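What follows is a short report on a single structure.
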Amino acid sequence: MRTIQERALDLFDERGFAPVKIEDVAEAAGVSPSSIYRYFGTKEGLIVADEFDTWGQETIETVLDGRDPVGSLIEAVVAYEAPRTSAGDSVNPSADIPWRRIRYFFTEPSVRLAAQASLDRASQLIVPILASSAALSPTQARVAANSLAFGYFACLEQWYLDDRARPIAWYVEEGLRPLRELSQK
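If you want the working numbering, it's the position in the sequence shown, counting the first as 1, plus 29.
So, in structure tokens, the structure goes:
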């Protein structure tokens, strides 16, 4: 999956997003177009898909603490960033993949919509966790889950706009601080 995404990003970076076809990516990655459609669904999916897409309810329940969803999201982001920021002398060749992917979230409208659809699916998995562990009503849990998911997206956008001035986790902690303070009252 990562190799296909890397080849796609190479082509998007070289030619632009719009001109590149699934067939171009398939040829560059040495796979069939049907494999790309099977794994990613769409050209936008090549950018939006990541390891979190395969997470089900059980995995999310182990990562997300319903009593401190913002804190557990920050911990997950720190863990995700750690291999990219603490490689020491050896450089991780995939370290720039998040940057290469995320910038398309904010420069290509169709990719932004695909990312938002993915966040909406994630928020649906978060709702029951918040409802059961945070003493929230179903309405409150839905609003909190969407605030968490789309607040995270806003943090990514600020990270992009600031040209990666700080780690993503800093933006998540800073940006979601008001939500965390509300949930701790």
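Even glycine gets a Cβ: it sits at the ideal position worked out from N, Cα and C. Quick caveat, the model's predicted, so the values are computed rather than measured.
8 Å CB neighbourhood of residue i in its chain, flanking five on each side removed
i	result
L102	L93, L177, Y181, V201, L205
A111	none
Candidates the options: closest to residue i by CA position
i	options	result
L211	L165, L190, E73, S161	L165
V106	E87, E90, F81	F81
A198	L190, L185, R209, D39	L185
A108	T168, D191, P196	P196
A151	R171, E137, P138, R44	R171
A146	P207, T71, S161, V99	T71
Q34	T168, V156, A173, R130	R130
E73	Q169, S61, F134, D97	F134
Same chain, Cβ closer than 6 Å to residue i, neighbours up to 5 away in sequence not counted
i	result
L154	Q86, I89
R209	V99
A194	none
L38	R129
Beta-carbon contacts of residue i that lie in its chain and below 7 Å, excluding the five residues immediately before and after
i	result
F69	L75, A78
L40	V49, D53, V54, A57
Beta carbon of residue i nearer than 8 Å to that of residue j
i	j	result
A58	R36	yes
A174	L190	no
R96	S162	yes
Could I get the ranges of all uninterrupted alpha helix (DSSP H) runs contained in the segment 58 to 91, with 4 residues as the minimum, in chain order? Secondary structure within the segment 58 to 91: the alpha helix (DSSP H) runs of 4 or more consecutive residues, fully enclosed, are 62 to 69, 72 to 77 (chain order).
The segment 49 to 59 in contact with the segment 139 to 157 per 3-pair CB rule at 8 Å: No: fewer than three Cβ pairs fall under 8 Å.
In chain order, which continuous runs of the alpha helix (DSSP H) of length 4 or greater are located wholly inside the segment 162 to 208? Counting only runs of 4 or more, we get 167 to 190.
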